[in-house]
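For reference, the structure is listed below as structure tokens.
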Amino acid sequence: MRSTSEPISENAEDRLSSAVGRRGAESGSGRLRMNGGDVVDDENVYNFQVAIRPSRTQGGRQVELPVCSGVLIRGEQVNPTTSVLEDAYYVLTSATCALSGSTLDLFIGKNEVKATATPDVAALQSSTAIIHPEFLRTFTKADLAIIPIDATIGAAATATALLVSIDDTPSKYLASRVSMSGWGYPNDVFKAPAPRLRQISSRVVPNVVCKLAHLGKPITGEHLCTAGLINKGPCTGDSGAPLIVQSTVNFSRSLKVIGLATLTPNDGCSRGRPGIFTRLGSYLRWIQTVTNYDPERTR
1 MRSTSEPISE NAEDRLSSAV GRRGAESGSG RLRMNGGDVV DDENVYNFQV
51 AIRPSRTQGG RQVELPVCSG VLIRGEQVNP TTSVLEDAYY VLTSATCALS
101 GSTLDLFIGK NEVKATATPD VAALQSSTAI IHPEFLRTFT KADLAIIPID
151 ATIGAAATAT ALLVSIDDTP SKYLASRVSM SGWGYPNDVF KAPAPRLRQI
201 SSRVVPNVVC KLAHLGKPIT GEHLCTAGLI NKGPCTGDSG APLIVQSTVN
251 FSRSLKVIGL ATLTPNDGCS RGRPGIFTRL GSYLRWIQTV TNYDPERTR
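Position 171 of the sequence shown, counted from 1, bears residue number 171 in the working numbering, the numbering being contiguous throughout.
Right, dumping it as structure tokens:
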């Protein structure tokens with residue numbers, strides 16, 4: 001199967017960066033933060049998670065921007081020399097995150113991302129990101145991007161993410177206990193990215209709860225919402241942060257990524273409003289078209 005989407009052009013990138021900037025101006029940032037929560041000490045828990053550090057040229061110098069998130073997934077692509085299908089690796093993230101800078105540094109399976117840390121992928125051009133076409137039209141829906149990376153880098157990672165199945169329905173995870181993790185600002189006062197990965201737990205709530213709490217936000221059936229927790233929730237720096245449930249695969253417990261954080265609140269992140277996530281089940285066919293992702297082939 002061949003991807004029907006192409007990397008964005010320079011003109012499209014400029015237009016999208018402008019749109020992301022407008023979203024950021026409305027919310028205080030184009031990304032989210034994992035407000036509150038606990039530091040994740042065990043690197044094996046979320047070893048499929050990717051920290052994405054964007055940067056862009058401002059005033060003639062390269063400026064690093066707040067870290068956002070994604071997850072590593074494994075697909076397949078045809079080797080042009082041998083015509084044989086081979087493993088291929090991609091970072092699945094939010095379009096907002098992928099377009100927040102002109103270049104991206106990627107840190108794969110790390111719990112600690114300091115300014116001096118060496119990335120696994122350095123200065124990747126954001127124009128290589130494949131943006132969901134619906135986001136290109138609306139700048140609000142389908143907040144998803146796929147970033148191809150070198151296969152040898154992906155193969156060196158300890159795990160890839162298990163995503164939802166094609167038959168997962170919007171109501172399947174209602175009331176399910178979920179976790180989310182990211183490197184965003186730890187609170188509304190300490191306005192800098194957390195150097196250590198943090199996590200919080202919550203439950204999936206009906207989308208009507210989100211609509212009432214986030215009046216004016218374009219929340220649809222393609223979103224998942226989590227219960228609001230005072231002083232805890234996704235906000236600036238956590239765009240693309242995974243929403244995770246426990247799943248049983250081949251009689252063993254695994255972590256399944258069912259959503260990615262999107263639509264940041266515009267007045268702080270400590271008010272206990274529900275978190276909003278892009279529901280991956282709505283877009284799995286597009287992910288499979290681009291990557292040849294197979295839920296049965298994760299590791």
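We put the CB at the ideal spot given by N, CA and C, even for glycine.
Because the structure is a prediction, the values reported are computed rather than measured.
Under the three-state reduction of DSSP, ILE108 is assigned to strand. Of the candidates SER100, LEU136, ALA117 and GLN246, SER100 places its Cα closest to the Cα of GLN125.
LYS256 is bridged by DSSP to LEU162 and VAL245. From the listed residues GLY154, HIS132 and ILE153, the smallest Cα separation to ARG285 is found for HIS132. Straight through space, the alpha carbons of LEU162 and GLN288 are spaced by roughly 13 Å. With contacts defined by Cβ atoms closer than 9 Å, VAL71 and LEU224 do not form a contacting pair. Under the three-state reduction of DSSP, SER181 is assigned to strand. Taking a contact to require three or more Cβ pairs closer than 8 Å, the region 204-217 and the region 171-185 qualify as touching.
In terms of CA proximity to LEU85, GLU76 leads the group GLU76, VAL91, LEU92 and THR93. The C-beta distance from THR140 to PRO218 rounds to 5 Å, short enough to meet the 8 Å contact threshold. When secondary structure is reduced to three states using DSSP, PHE48 falls in the coil class, being assigned neither helix nor strand.
Its chain contains PRO195 and ARG196 as the residues whose beta carbon lies nearer than 7 Å to that of GLU112, once the 5 sequence neighbours on both sides are disregarded; these appear in chain order. Boundaries of the alpha helix (DSSP H) harbouring GLU134: 133-138, taken from the DSSP string. The C-alpha of GLU64 is placed about 20 Å away from the C-alpha of VAL91. By the neighbour-count criterion, in which a residue is buried when 16 or more other Cβ atoms sit within 10 angstroms of its Cβ, ARG61 is exposed. LEU174 carries a coil assignment under DSSP once its states are collapsed to helix, strand and coil. For THR278, the number of other beta carbons within 10 angstroms of its own is at least 16, and it is reported as buried.
DSSP links HIS223 through a beta bridge to THR278. As the crow flies, the alpha-carbon of PRO295 is around 28 Å from that of GLY184. Taking all protein chains in view, the Cβ of ARG137 is surrounded by fewer than 16 other Cβ atoms within 10 Å, so the residue is classified as exposed.
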